[in-house]
Every structure is written in C-alpha cells, then in structure tokens.
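Asks: Count the sequence shown with the numbering used here and you get residues 711 to 759, in order.
All C-beta atoms, glycine included, are put in the ideal place defined by N, C-alpha and C.
These numbers come from a predicted model, not from an experiment.
Provided herewith is a single structure, encoded as structure tokens, for subsequent inquiry.
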Amino acid sequence: MNTVIQHDPRYPSSRTAQRVNDVLIVSSFAFWATVIAFVPVMAYHLLAA
711 MNTVIQHDPR YPSSRTAQRV NDVLIVSSFA FWATVIAFVP VMAYHLLAA
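Below you can see the structure in the form of structure tokens.
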C-alpha cells in the first residue's frame with residue numbers, strides 16, 4: 711500500500727509552524743479547562759461570602 715501525502719496550503723508544513731500550532735492548541739485547551747473549573751468555584755465563593 712502506497713499513500714502519497716500532498717501538501718495542502720491550509721495546514722502548516724514547517725516544523726516551527728507545526729510546533730506553534732501544537733502550542734496554541736494545547737494552551738487553548740488549558741485555558742478553557744481552567745475557565746470551566748475556575749468559574750463555578752469563584753461563583754460559589756462570591757455567593758457564599
């Protein structure tokens with residue numbers, strides 16, 4: 711089986727661009743995980759105060 715991968719201009723092709731893309735994906739996931747975990751805790755503290 712031979713698979714030919716063709717370059718698609720929509721996606722990054724250099725290692726640096728791929729690394730930046732990976733960092734952005736991970737950091738956005740971490741940001742939303744923090745927001746989802748942090749907002750209910752802060753709301754509870756504000757309502758309980």
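State the DSSP-derived secondary structure class of V714, mapped to helix, strand or coil.
Replies: Residue state, collapsed to three classes: coil.
Asks: So, helix, strand or coil for A780, using DSSP?
Replies: Nothing in the structure corresponds to residue 780, since the chain is present only between 711 and 759.
Asks: Can you give me the C-alpha to C-alpha distance between A759 and T744, rounded to a whole angstrom?
Replies: One C-alpha to the other measures close to 22 Å.
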